[in-house]
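Here's the structure, in structure tokens; my notes come after.
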Amino acid sequence: MRSSGKAGLSRRMPSPADACLAAGLAAMSLLVVLIARPDAPYRAPDVGSALLAAGAALSLLWRKIAPVTVVTVSAACIVASAAAGYAVTAVQWPAWIGLFTCFSLRIGWARIAAAAVALAAVAGYASLDRGTGGLMELSGVLMCFLIAVVAGDGARNRRAYAEAAEARMRAEAQMRAVLAERASAQERSRLARELHDSLGHAVNVMVMQAGVGRRVFDENPAFAHEALGHVEGLGRSALEELDRLLRIMQPDGGSGRSDLTDSAVAGSAELADLTDLADLADLTRLADRVRAAGRDVRLDIADVALTPGAHRAVYRIIQEAVTNALRHTATGQISVDLARQGDVVVVEVVNEGRGAAASSEPSEPSAPGRGLANMRERTRLEGGAFEAGPHGTGFRVRAVFPATAVTRVQPDRPLGTAA
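Read in order, the letters of the sequence shown correspond to residues 148 to 566 in the numbering used here.
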């Protein structure tokens, strides 16, 4: 409350610049009045002429607060000076400055009132002046009037243009910040999906393989030893990918001062490189790891054409669907099919394990797990359609992608039903 009162008071008080202008012009007006020696029929300068000149100049203290009032006061001083018989010298200057200020700060009725007062002052001066004013004097007065009006309006237009340009710059800066934050958030979401899908799969397969090794350790030490080797290799691969993802998430070395846009661009470039780690040919190795955990996997992968983004999405969807199958059922075949059907590419992963429909993640977006949500988002980003739900006694994941081919992807070797 107190601060708002001070702000209102400051708006009603003259600024230091206006105070300096008024004081300087008053001093100059007094000097001109004192040293001027007007010819007849004008009166010689005296205290009256000095007071009129100083009063007109001091009215400029409020030129930004009440410019119309300043024009009125200075115009009255001009008319009073002419009526008293003094020569109009310095007393006219504040009127033109006030008129300029009014046109530079105000619009509408204030301009009309100031112009009317100024013209009335000119008419009063012309009718009361003792001199023989001719065409030159009248044209000079009108020129001062036009200069004050045009210059004031030009100053206002320039200020409005500068303010509009500054507002545009602020809006553009805010928009750039919003877009950068949005790009950063999208990149963090993509990285989180990669982290969830890749490491989640690795951890689940490691748990399954370790469990199988533990159960057969006494009866089949060789198989248990092989399972432990798979766990070690998969753990090392997971740590390498985790380290790579962390470098992408902190491209500035962890200082936390990286530009959001630069981070998003760098992250996109690095994330695109992960395609090499997610080649569809790696499905054979993925299947081998799952088989080592004791599950039967059938692969039927056709020669299809995919964009790089869809290429990566297909691999991650298959990986996550297989991971869910391992997590929710311990037996039953896992079938993976990838084929082109007309103008689309269809990938299906069916978990035929008993009880899978009851124990798998629900297909609703509100499910607590992130697997299905990530698969759905990956498919959406590539312009495809996704569905997941119970299928017979099992659970099916199905994703459809447009077959707008950029690269062709083939497995390293023919794939069929696993032994």
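Note that the Cβ used here is the ideal one computed from N, Cα and C, for glycine as well. For clarity, every value in this text was computed on a predicted model and none was experimentally measured.
Exposed or buried, residue i, counting other C-beta atoms within 10 Å across all chains shown (16 or more means buried)?
| i | result |
| --- | --- |
| residue 458 | buried |
| residue 209 | buried |
| residue 490 | exposed |
| residue 308 | exposed |
| residue 379 | exposed |
| residue 249 | buried |
| residue 285 | exposed |
| residue 224 | buried |
| residue 192 | buried |
| residue 387 | exposed |
| residue 319 | exposed |
| residue 349 | buried |
| residue 365 | exposed |
| residue 541 | buried |
| residue 276 | buried |
| residue 228 | buried |
| residue 245 | buried |
What's the gap between the Cα of residue i and the Cα of residue j?
| i | j | result |
| --- | --- | --- |
| residue 373 | residue 478 | 20 Å |
| residue 199 | residue 290 | 23 Å |
| residue 222 | residue 297 | 19 Å |
| residue 361 | residue 550 | 45 Å |
| residue 240 | residue 160 | 22 Å |
| residue 481 | residue 332 | 35 Å |
| residue 230 | residue 299 | 29 Å |
| residue 212 | residue 272 | 27 Å |
| residue 194 | residue 316 | 55 Å |
| residue 268 | residue 301 | 24 Å |
| residue 528 | residue 255 | 54 Å |
| residue 181 | residue 278 | 20 Å |
| residue 442 | residue 532 | 28 Å |
| residue 402 | residue 384 | Residue placement at residue 402 is poorly supported in this model, since its pLDDT is 48, which falls under 50; the coordinates still yield a value, given next. Going from the Cα of residue 402 to the Cα of residue 384 covers about 26 Å. |
| residue 172 | residue 322 | 47 Å |
| residue 580 | residue 346 | Residue 580 falls outside the range modelled here, since the chain spans only 148 to 566, and no answer is possible. |
| residue 287 | residue 185 | 19 Å |
| residue 368 | residue 356 | 14 Å |
| residue 162 | residue 314 | 25 Å |
| residue 548 | residue 496 | 15 Å |
| residue 375 | residue 434 | 17 Å |
| residue 175 | residue 247 | 20 Å |
| residue 353 | residue 381 | 7 Å |
When DSSP labels each residue in this structure, what does residue i get in the three-state scheme?
| i | result |
| --- | --- |
| residue 506 | Because residue 506 sits at a pLDDT of 38, beneath the cut-off of 50, its placement in the model cannot be relied upon, and the point is left open. |
| residue 185 | coil |
| residue 471 | helix |
| residue 210 | coil |
| residue 163 | helix |
| residue 329 | helix |
| residue 192 | coil |
| residue 321 | helix |
| residue 364 | coil |
| residue 450 | coil |
| residue 443 | coil |
| residue 254 | coil |
| residue 494 | strand |
| residue 480 | coil |
| residue 517 | coil |
| residue 235 | coil |
| residue 388 | helix |
| residue 534 | strand |
| residue 541 | strand |
| residue 550 | coil |
| residue 487 | strand |
| residue 277 | coil |
| residue 499 | coil |
| residue 529 | coil |
| residue 411 | Reliability of the predicted coordinates at residue 411 is poor, the pLDDT of 45 falling under 50, and no value is obtained from them. |
Would residue i pass as an interface residue toward chain B - the criterion being a Cβ-Cβ separation below 8 Å?
| i | result |
| --- | --- |
| residue 328 | The displayed structure is made up of one protein chain only, and chain B is not part of it. |
Would you mind giving the Cβ-Cβ distance between residue i and residue j, rounded to the nearest angstrom? I have them listed as a contact below 8 Å.
| i | j | result |
| --- | --- | --- |
| residue 264 | residue 226 | Not confirmed; about 10 Å, so no contact. |
| residue 461 | residue 486 | Residue 461 to residue 486, Cβ: 12 Å. No contact. |
| residue 215 | residue 257 | 5 Å |
| residue 493 | residue 545 | 7 Å |
| residue 197 | residue 177 | 6 Å |
| residue 429 | residue 484 | About 17 Å; that fails the 8 Å criterion. |
Determine contact between the stretch 322-342 and the stretch 283-303, defined as no fewer than three beta-carbon pairs at a distance below 8 Å. no
Touching or not, the stretch 385-393 and the stretch 466-482, by the rule of three or more beta carbon pairs under 8 Å? no
Mind the definition here: the stretch 516-527 touches the stretch 450-470 only if three or more C-beta pairs lie below 8 Å; say whether that holds. yes
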